[in-house]
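Below: one structure, written as structure tokens.
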Amino acid sequence: MANIEGKPCDCSEVPVGKGWRTVDVEMSGELFDMFTTVAKVRRETLGCVARKAVGNYIKRCQQDPGFRQEVEDLATRLDRYGSNPNPRESK
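Here you go:
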């Protein structure tokens, strides 16, 4: 874990188990260096930078027409198979 000095960011740090999930993320050393640099310059925690980055990525995905089509296709398949479950899966 990186030791980064600075003020806490605007993101409230909620203890684990209070509606938040803890995840492990693997990244290259180069990406980690860029990640920690952003946190240092913005004077934010690594968690705050990660949440903002993930949130921005999710927004871009949700606005992408191709992604929306994939969601619709998956929902259609799930509805089709959900109403008539595969007997082998229920064993």
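For the sequence shown, my numbering gives the first residue as 881, with consecutive numbering after it.
Cβ atoms here follow ideal geometry from the backbone N, Cα and C, with glycine treated the same way.
Source: prediction; values computed, not measured.
Starting from VAL934, trace the alpha helix (DSSP H) in both directions and tell me its first and last residue. If you look at VAL934, you'll find it in the alpha helix (DSSP H) that goes 926-943.
Anticipated Cβ contact below 8 Å, VAL929 with ARG940, distance rounded: By a beta-carbon distance limit of 8 Å, VAL929 does not contact ARG940. Their separation comes to about 17 Å.
State buried or exposed for ALA919, treating a residue as buried only when at least 16 other CB atoms are found within 10 Å of its CB. buried
From which residue to which residue does the alpha helix (DSSP H) around MET914 run? Residue range 909-922 is occupied by the alpha helix (DSSP H) that includes MET914.
DSSP state of THR956, grouped into three classes? Looking at THR956 - three-state DSSP - the assignment turns out to be helix.
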